[in-house]
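Inspection log for the structure reproduced underneath, given as C-alpha coordinates.
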Amino acid sequence: MFVAALGVIMSFLLLLRYKPMRGRHKVSLRHFAMLVNVYVTVMLAFALMYMVLELLGIPVLAEANRNVGGELTHLVLDVVYFSAITLLSVGYGDIVPMGVGRILAIIQALFGYLLPAAFVVTTVIRLENKVE
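Per our numbering, residue 150 is the first one in the sequence shown, and the count goes up by one each step.
Here is the structure:
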(Lines of atoms letter the chains of each structure in order from A; the text may use other names.)
(Lines give C-alpha, C1' and ligand atoms only; values in the text may rest on other atoms or scores of the structure.)
Protein backbone atom coordinates (compact mmCIF):
# COMPACT_ATOMS: atom_id res chain seq x y z
CA MET A 150 0.00 0.00 0.00
CA PHE A 151 2.96 2.29 0.69
CA VAL A 152 4.26 1.77 -2.85
CA ALA A 153 0.85 2.65 -4.31
CA ALA A 154 0.64 5.81 -2.21
CA LEU A 155 4.16 6.78 -3.24
CA GLY A 156 3.25 6.21 -6.89
CA VAL A 157 0.20 8.45 -6.56
CA ILE A 158 2.24 11.23 -4.97
CA MET A 159 4.96 10.95 -7.61
CA SER A 160 2.40 11.06 -10.42
CA PHE A 161 0.82 14.22 -9.01
CA LEU A 162 4.20 15.89 -8.58
CA LEU A 163 5.20 14.99 -12.12
CA LEU A 164 1.92 16.33 -13.45
CA LEU A 165 2.31 19.63 -11.59
CA ARG A 166 5.91 20.13 -12.62
CA TYR A 167 5.54 18.94 -16.21
CA LYS A 168 6.17 21.47 -18.98
CA PRO A 169 4.58 20.76 -22.38
CA MET A 170 6.87 20.47 -25.39
CA ARG A 171 7.06 23.51 -27.62
CA GLY A 172 5.38 23.28 -30.95
CA ARG A 173 2.14 23.79 -32.80
CA HIS A 174 -0.01 21.83 -30.41
CA LYS A 175 -0.90 23.42 -27.09
CA VAL A 176 -1.31 20.08 -25.31
CA SER A 177 1.29 17.51 -26.22
CA LEU A 178 1.01 13.76 -26.35
CA ARG A 179 3.38 13.61 -23.36
CA HIS A 180 0.97 15.75 -21.34
CA PHE A 181 -1.90 13.41 -22.22
CA ALA A 182 0.23 10.37 -21.36
CA MET A 183 1.02 11.93 -17.99
CA LEU A 184 -2.70 12.37 -17.28
CA VAL A 185 -3.37 8.74 -18.21
CA ASN A 186 -0.48 7.71 -15.96
CA VAL A 187 -2.00 9.60 -13.03
CA TYR A 188 -5.43 8.04 -13.63
CA VAL A 189 -3.99 4.51 -13.80
CA THR A 190 -1.88 5.10 -10.68
CA VAL A 191 -4.85 6.39 -8.68
CA MET A 192 -7.05 3.55 -9.96
CA LEU A 193 -4.52 0.87 -8.99
CA ALA A 194 -3.77 2.51 -5.63
CA PHE A 195 -7.44 2.44 -4.64
CA ALA A 196 -7.83 -1.09 -6.02
CA LEU A 197 -4.92 -2.12 -3.81
CA MET A 198 -6.58 -0.52 -0.78
CA TYR A 199 -9.86 -2.35 -1.49
CA MET A 200 -8.02 -5.64 -1.97
CA VAL A 201 -5.93 -5.33 1.20
CA LEU A 202 -9.03 -4.59 3.27
CA GLU A 203 -10.85 -7.56 1.72
CA LEU A 204 -7.87 -9.85 2.39
CA LEU A 205 -7.78 -8.64 6.01
CA GLY A 206 -11.38 -9.78 6.37
CA ILE A 207 -12.92 -6.31 6.33
CA PRO A 208 -15.75 -6.44 3.77
CA VAL A 209 -15.71 -3.31 1.60
CA LEU A 210 -17.42 -4.47 -1.60
CA ALA A 211 -20.56 -6.48 -2.30
CA GLU A 212 -21.68 -8.06 -5.56
CA ALA A 213 -25.29 -9.25 -5.90
CA ASN A 214 -25.84 -9.09 -2.12
CA ARG A 215 -22.75 -11.15 -1.30
CA ASN A 216 -19.23 -10.10 -0.39
CA VAL A 217 -16.74 -9.90 -3.23
CA GLY A 218 -14.17 -12.63 -2.92
CA GLY A 219 -13.49 -16.17 -3.91
CA GLU A 220 -10.31 -16.84 -5.83
CA LEU A 221 -7.56 -14.24 -5.71
CA THR A 222 -7.78 -13.59 -9.47
CA HIS A 223 -11.53 -12.95 -9.16
CA LEU A 224 -10.91 -10.56 -6.27
CA VAL A 225 -8.20 -8.68 -8.19
CA LEU A 226 -10.45 -8.32 -11.23
CA ASP A 227 -13.36 -7.15 -9.09
CA VAL A 228 -11.41 -4.50 -7.17
CA VAL A 229 -9.71 -3.13 -10.31
CA TYR A 230 -13.07 -3.05 -12.12
CA PHE A 231 -14.81 -1.31 -9.20
CA SER A 232 -11.94 1.14 -8.84
CA ALA A 233 -12.05 2.07 -12.53
CA ILE A 234 -15.84 2.41 -12.57
CA THR A 235 -15.74 4.61 -9.45
CA LEU A 236 -12.84 6.80 -10.62
CA LEU A 237 -14.43 7.39 -14.02
CA SER A 238 -17.85 8.08 -12.44
CA VAL A 239 -19.68 5.39 -14.39
CA GLY A 240 -21.19 3.48 -11.47
CA TYR A 241 -23.04 0.53 -13.00
CA GLY A 242 -24.19 -0.71 -9.59
CA ASP A 243 -23.23 -4.36 -10.04
CA ILE A 244 -20.57 -4.02 -7.34
CA VAL A 245 -21.35 -1.66 -4.47
CA PRO A 246 -19.24 -0.41 -1.57
CA MET A 247 -20.15 -1.19 2.01
CA GLY A 248 -18.81 -0.10 5.38
CA VAL A 249 -15.44 1.63 5.14
CA GLY A 250 -15.53 0.98 1.38
CA ARG A 251 -18.11 3.74 1.06
CA ILE A 252 -15.69 6.29 2.47
CA LEU A 253 -12.93 5.09 0.14
CA ALA A 254 -15.32 5.23 -2.83
CA ILE A 255 -16.29 8.82 -1.97
CA ILE A 256 -12.64 9.86 -1.78
CA GLN A 257 -11.89 8.07 -5.05
CA ALA A 258 -14.86 9.68 -6.80
CA LEU A 259 -13.60 13.07 -5.60
CA PHE A 260 -10.23 12.31 -7.20
CA GLY A 261 -12.07 11.37 -10.38
CA TYR A 262 -13.76 14.76 -10.47
CA LEU A 263 -10.67 16.78 -9.53
CA LEU A 264 -8.15 15.23 -11.93
CA PRO A 265 -9.65 16.70 -15.13
CA ALA A 266 -9.94 20.08 -13.42
CA ALA A 267 -6.29 19.93 -12.36
CA PHE A 268 -5.32 19.01 -15.92
CA VAL A 269 -7.22 21.99 -17.36
CA VAL A 270 -5.95 24.43 -14.73
CA THR A 271 -2.30 23.45 -15.20
CA THR A 272 -2.67 23.68 -18.97
CA VAL A 273 -4.25 27.15 -18.79
CA ILE A 274 -1.64 28.42 -16.32
CA ARG A 275 1.18 27.19 -18.53
CA LEU A 276 -0.38 28.77 -21.61
CA GLU A 277 -0.83 32.10 -19.79
CA ASN A 278 2.78 32.03 -18.58
CA LYS A 279 3.95 31.29 -22.10
CA VAL A 280 2.04 34.29 -23.50
CA GLU A 281 3.51 36.72 -20.93
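A virtual CB, placed ideally from N, CA and C, is assigned to each residue, including glycine.
Fair warning: this is a prediction, and the values are worked out from it, not measured in the lab.
Please identify the residue among 200, 225, 220, 260 whose C-alpha is closest to the C-alpha of residue 238.
Counting from one through the sequence shown, the residue named residue 238 turns up at place 89. When only C-alpha atoms are compared, the closest one is 260.
Using the beta-carbon count (16 or more within 10 Å), is residue 221 buried or exposed?
Counting from one through the sequence shown, the residue named residue 221 turns up at place 72. By the 10 Å Cβ count, residue 221 comes out exposed.
With a cut-off of 8 angstroms, do at least 3 Cβ pairs link the region 242-257 to the region 266-274?
At 8 angstroms Cβ cutoff, the stretches do not touch.
Taking Cβ to Cβ, would you say residue 257 is nearer than 8 angstroms to residue 224?
Position 108 of the sequence shown, counting from 1, holds the residue named residue 257. Position 75 of the sequence shown, counting from 1, holds the residue named residue 224. In this structure, residue 224 does not lie closer than 8 angstroms to residue 257 by Cβ.
Once you ignore the five residues that flank residue 163 on each side, which residues in its own chain have a CB closer than 7 angstroms to its CB?
Counting from 1 along the sequence shown, the entry for residue 163 is found at position 14. 183.
Are residue 229 and residue 196 closer than 8 angstroms when you measure CB to CB?
For this step, residue 229 is matched to residue 80 along the sequence shown. For this step, residue 196 is matched to residue 47 along the sequence shown. Yes, Cβ-Cβ distance for residue 229 and residue 196 is below 8 angstroms.
Mind checking residue 137: buried by the 16 CB within 10 Å criterion, or exposed?
What the structure shows of the chain is the stretch from 150 to 281, and residue 137 is not part of that stretch, so it cannot be assessed.
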